[in-house]
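Residue numbers 14 to 466, in my numbering, belong to the letters of the first sequence in order. We put the beta carbon where it would ideally sit given N, CA and C, even for glycine. Note sheet for the following structure.
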Amino acid sequence: MPLQIYDTFSNEKKLFEPIDPSNVRMYVCGPTVYDFPHVGNARPVIVFDLLFRLLRRIYGNDNVTYVRNITDVDDKIITAASENNEDIKSLTERTIKFFHDDADYIGALKPTFEPKATDYINDMIDIISSLIEKDYAYVSEDNVLFSASKFSKYGQLSGKNLEEMIAGSRVEVESFKRSSSDFVLWKPSKSSEPGWDSPWGKGRPGWHIECSAMSEKLLGKNFDIHGGGQDLIFPHHENEIAQSECANNEKFANFWLHNGFVNVEGNKMSKSEGNFVTVNQLKQKYQGEVIRLAMISTHYRQPLNWTENNLIECKKTLDKWYQLISENNFSFDNEKISSEVINALEDDLNTPKAISVLHQLYKDCKSNDRNTVETFLSSANFLGMLMHTSSEWLSWGKEKLSIDEKQIELLISERKSARDNGNFDKADKIRNDLEHKGILLEDNEGKTTWRFK
RNA sequence: GGCCACGUGGCGGAAUGGUUACGCAGAGGACUGCAAAUCCUUGUAUACCGGUUCGAUUCCGGUCGUGGCCUCCA
Numbered sequence: 014m015p016l017q018i019y020d021t022f023s024n025e026k027k028l029f030e031p032i033d034p035s036n037v038r039m040y041v042c043g044p045t046v047y048d049f050p051h052v053g054n055a056r057p058v059i060v061f062d063l064l065f066r067l068l069r070r071i072y073g074n075d076n077v078t079y080v081r082n083i084t085d086v087d088d089k090i091i092t093a094a095s096e097n098n099e100d101i102k103s104l105t106e107r108t109i110k111f112f113h114d115d116a117d118y119i120g121a122l123k124p125t126f127e128p129k130a131t132d133y134i135n136d137m138i139d140i141i142s143s144l145i146e147k148d149y150a151y152v153s154e155d156n157v158l159f160s161a162s163k164f165s166k167y168g169q170l171s172g173k174n175l176e177e178m179i180a181g182s183r184v185e186v187e188s189f190k191r192s193s194s195d196f197v198l199w200k201p202s203k204s205s206e207p208g209w210d211s212p213w214g215k216g217r218p219g220w221h222i223e224c225s226a227m228s229e230k231l232l233g234k235n236f237d238i239h240g241g242g243q244d245l246i247f248p249h250h251e252n253e254i255a256q257s258e259c260a261n262n263e264k265f266a267n268f269w270l271h272n273g274f275v276n277v278e279g280n281k282m283s284k285s286e287g288n289f290v291t292v293n294q295l296k297q298k299y300q301g302e303v304i305r306l307a308m309i310s311t312h313y314r315q316p317l318n319w320t321e322n323n324l325i326e327c328k329k330t331l332d333k334w335y336q337l338i339s340e341n342n343f344s345f346d347n348e349k350i351s352s353e354v355i356n357a358l359e360d361d362l363n364t365p366k367a368i369s370v371l372h373q374l375y376k377d378c379k380s381n382d383r384n385t386v387e388t389f390l391s392s393a394n395f396l397g398m399l400m401h402t403s404s405e406w407l408s409w410g411k412e413k414l415s416i417d418e419k420q421i422e423l424l425i426s427e428r429k430s431a432r433d434n435g436n437f438d439k440a441d442k443i444r445n446d447l448e449h450k451g452i453l454l455e456d457n458e459g460k461t462t463w464r465f466k
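Written as structure tokens, this is what we have:
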């Protein structure tokens with residue numbers, strides 16, 4: 014089945030055809046590094062990781078270039094740094110490390126390139142200069158602004174039209190803008206703020222220009238896929254198109270992909286609402302694969318309601334799956350990945366369907382051979398799950414235990430003799446006491462094993 | 001106010017112009033001293049009103065509801 018993906022620009026599911034099958038190019042907007050990533054930030058990391066995996070499978074591991082940028086210059090960073098009383102560099106470097114830890118934790122492969130905005134300031138200045146030269150941009154009070162009305166396609170990605178936007182504008186037009194829809198390419202920096210020398214004085218880039226610069230530098234003027242969260246459609250991606258296409262006279266990205274939001278109690282999870290859960294907080298209670306499964310159990314374009322219940326359910330599923338592979342040393346085999354799983358993903362990343370195939374494969378494993386189990390395992394691995402051994406999985410969180418293993422073994426044998434003597438009250442008390450400490454005892458085929466709750 | 005998306009069982013969540021996947025929970029059973037885990041069986045749903053059609057949950061129109069964007073956001 015050929016790969017089909019939903020393109021936001023044309024609002025339809027389309028057959029994906031790469032510009033160059035020997036170098037399929039994808040750019041995804043990454044984090045602005047000023048704080049711990051929350052679950053909403055993690056969604057595109059996982060969604061586009063899956064697309065990356067799928068593209069690599071279809072076109073070959075060496076034939077896909079995945080760029081996920083890091084925004085390390087931004088007003089929020091400046092504000093956060095001054096609130097923490099630390100310098101910007103130390104804030105961004107620390108936050109990048111948090112981000113990498115979290116991305117690893119949820120099983121995301123490393124992108125091919127992870128450019129930082131501050132390394133591309135000169136490229137941004139070049140684009141801005143060319144936009145001024147072509148009269149798409151103008152200088153006003155030390156700012157450089159893009160004149161949205163000069164780009165006839167402005168609004169096409171987000172389905173807006175300029176006049177309505179200007180009419181419905183809810184924010185006051187800043188004095189240096191000719192029109193409310195014009196946006197900043199370059200702005201002046203105060204002496205306390207980070208700044209770079211430019212033809213328009215010491216300043217820093219506007220938010221959108223970095224992606225135009227970095228994508229062009231690393232992927233070329235025209236590339237295959239540009240992705241990010243739905244909240245970036247407008248204005249961020251709309252503005253990127255305007256800048257890049259006006260500067261280059263060439264089509265920017267061929268496909269636009271946007272993931273839906275993560276909701277909490279029906280409302281969008283966001284930093285400004287304060288209703289967020291960070292990946293770092295979840296690490297205390299759940300393995301990364303639990304977060305990953307919870308994330309991909311909803312189709313990427315649908316809103317995803319984040320609940321504890323869902324996490325518990327996903328953990329149970331993974332516990333069950335890990336039990337199946339505990340018996341032998343099953344191994345991953347690229348050739349054994351279920352074609353049904355691939356088909357599901359090739360249909361606009363239908364992960365819920367892919368998961369239902371895993372459930373079916375799990376059932377098939379019962380009555381079948383090693384080969385079936387390896388198909389199950391390989392398929393799960395392809396989705397970034399069952400990457401650990403069963404014992405690693407089951408002993409997860411051991412260090413947080415308030416009781417040591419020898420003691421548990423001791424209690425198990427105490428319980429055994431109680432049971433042998435028919436003293437079930439005592440036996441049950443031992444089991445219950447351990448359960449209160451988060452240890453579950455399981456009696457199977459005459460043997461008692463334990464695991465974490 | 002403008003634009004857009006969505007509304008499937010108790011919950012999560014796919015799909016489809018003609019028997020509505022799958023998972024969790026629930027119920028019943030096997031196993032167990034009792035549980036747990038596992039296995040087997042199983043009930044339950046397409047917001048509302050019209051239209052098109054032999055047939056609509058699916059297509060079209062309207063109503064209601066929810067959410068998003070229009071301002072920083074993944």
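Between T461 and I425, the gap from beta carbon to beta carbon is short of 8 Å. Looking at the DSSP output, P218 bridges to W199. Closest in C-alpha terms to T84, from the list T131, E418, N235, comes T131. Residue burial annotation: V370 is buried, with at least 16 other C-beta atoms found within 10 angstroms of its C-beta. Contact between L122 and R66 holds: CB atoms are separated by about 7 Å, below the 8 Å threshold. According to the DSSP secondary-structure assignment, G242 is paired through a beta bridge with N272. F437 counts as exposed, since fewer than 16 other C-beta atoms from the protein chains shown sit within 10 angstroms of its C-beta. Shown here, V303 sits in a helix according to DSSP, grouped into three states. No Cβ-Cβ contact shorter than 8 Å links M39 with Y72.
For N276, the CB contacts under 6 Å within the same chain, skipping 5 residues up- and downstream, are P316, N318 in chain order.
Counted as a single uninterrupted DSSP element, the beta strand (DSSP E) harbouring Y40 occupies residues 37 to 41. In summary, N384 is exposed, with fewer than 16 beta-carbon neighbours lying within 10 Å of its beta-carbon over all protein chains present.
The DSSP-derived three-state label of S344 is coil. Closest in C-alpha terms to S391, from the list D117, P207, V354, comes V354. DSSP lists A150, F196 as the bridge partner or partners of F159.
In this structure, S162 lies away from L170, with their beta-carbon atoms at least 8 Å apart. The continuous stretches of beta strand (DSSP E) do not include Y72, which lies in the alpha helix (DSSP H) extending over residues 52 to 72.
Beta-bridge pairing by DSSP links Q17 to L28, D360. Note that the region 288 to 295 does not touch the region 261 to 269; fewer than 3 beta-carbon pairs, one per stretch, sit closer than 8 Å. In the DSSP assignment, L454 falls within the unbroken beta strand (DSSP E) covering 452 to 457.
Straight through space, the alpha carbons of H250 and K26 are spaced by roughly 19 Å. If you check the CB distance, C378 and L245 do not come in under 8 Å. In the displayed model, W406 falls within a helix according to three-state DSSP. Closest by C-alpha distance to S351, out of Q420, K439, N394, K329, is N394. K215 and D48 have their C-alpha atoms spaced approximately 27 Å apart.
By alpha-carbon distance to E206, the top candidate from I91, K281, V52 is I91. Leaving aside the five residues that flank I145 on each side, the residues in its chain whose CB is nearer than 8 Å to its CB run, in chain order, Y151, V152, V157. In this model, S188 and M282 are separated by some 33 Å (Cα to Cα). Less than 8 Å divides the Cβ of L64 from the Cβ of L362. By the Cβ neighbour-count rule, V386 is buried, with 16 or more other Cβ atoms within 10 Å of its own. Note: I443 is not bridge-paired with any residue in the DSSP secondary-structure output. Approximately 4 Å separates the beta-carbon atoms of F289 and H51; this is inside 8 Å, confirming the contact.
In the structure shown, F289 falls within a coil segment according to DSSP collapsed to helix, strand and coil.
Secondary structure note for W463: its beta strand (DSSP E) is the uninterrupted segment 460 to 465.
Taking the Cα positions, M400 is about 11 Å away from I119. Using a Cβ distance threshold of 8 Å, R56 and M308 count as a contacting pair.
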